[in-house]
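Q:
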Amino acid sequence: MTINGCVVVAIRDDLDDQEIVALQDQLVDEVARQSAHGVVIDISGLEIVDTFAGRMLAAMAQMAQVMNARTIVVGMRPAVAMTLVELGMTLEGVETALNADRAINAITGDRQKIS
Numbered sequence: 002m003t004i005n006g007c008v009v010v011a012i013r014d015d016l017d018d019q020e021i022v023a024l025q026d027q028l029v030d031e032v033a034r035q036s037a038h039g040v041v042i043d044i045s046g047l048e049i050v051d052t053f054a055g056r057m058l059a060a061m062a063q064m065a066q067v068m069n070a071r072t073i074v075v076g077m078r079p080a081v082a083m084t085l086v087e088l089g090m091t092l093e094g095v096e097t098a099l100n101a102d103r104a105i106n107a108i109t110g111d112r113q114k115i116s
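Counting in the numbering used here, the final residue of the sequence shown is number 116, and the numbers go up one at a time with none missing.
Right under this line is the structure:
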């Protein structure tokens with residue numbers, strides 16, 4: 002889904018490894034197709050995260066950043082944050098926000114200041 006030039010993607014708890022890889026591919030394609038200025042990755046549906054899902058989350062964020070799309074992760078539960086840190090995945094350079102609305106406002110607000 003794209004809102005105000007931002008691609009919004011939700012990662013759910015019930016996704017298997019193949020679905021996560023497919024989601025990653027779809028995200029990169031959508032960022033390119035839409036010339037998106039931002040990416041909002043909603044992980045509020047994740048109650049736990051394993052090493053693979055954590056690596057894929059980090060990779061999605063990095064790919065979007067390489068494509069010049071500001072990336073903000075939203076909906077991070079405390080248990081997920083603790084697990085990511087324990088796994089050594091700090092998501093460097095990736096911002097977080099409480100929810101998708103705040104993330105989109107941050108991205109579009111900064112774009113308006115630049116224009």
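Positions of the beta carbon are idealized from the N, C-alpha and C atoms, including for glycine.
It should be emphasised that the depicted structure is a prediction, and the values quoted were computed from it without experimental measurement.
I'd like to check one pair, H38 with A70: are the Cβ atoms closer than 8 Å?
A: Against a cut-off of 8 Å, the Cβ pair of H38 and A70 comes out as a contact.
Q: Among A23, G55, M61, which has the Cα closest to the Cα of L85?
A: It is G55.
Q: Can you list, in chain order, the stretches of the alpha helix (DSSP H) that have 4 or more residues and sit fully within the stretch 51-76?
A: Entirely contained in the stretch 51-76, the alpha helix (DSSP H) runs reaching 4 residues are, in chain order, 52-67.
Q: Pull up the distance between the alpha-carbon of Q63 and that of Q25, whole angstroms please.
A: Roughly 11 Å between the two C-alpha positions.
Q: Could you give the first and the last residue of the continuous beta strand (DSSP E) run that contains R34?
A: Unbroken run through R34 is the alpha helix (DSSP H), 18-35; no beta strand (DSSP E).
Q: How far does the beta strand (DSSP E) with V40 in it reach, from first residue to last?
A: Residues 39-46.
Q: By DSSP's criteria, V9 is part of a beta bridge. Which residues make up the other side?
A: V9 is bridged to V41.
Q: Do you know offhand how far L16's Cα is from A104's?
A: Approximately 23 Å between the Cα atoms of the pair.
Q: Kindly indicate the opening and closing residues of the alpha helix (DSSP H) around T84.
A: Counting along the chain, the alpha helix (DSSP H) containing T84 begins and ends at 79-87.
Q: Apart from the five residues on each side of it in sequence, which residues of its chain come closer than 6 Å, Cβ to Cβ, to M90?
A: So the qualifying residues of the chain are G55, A59.
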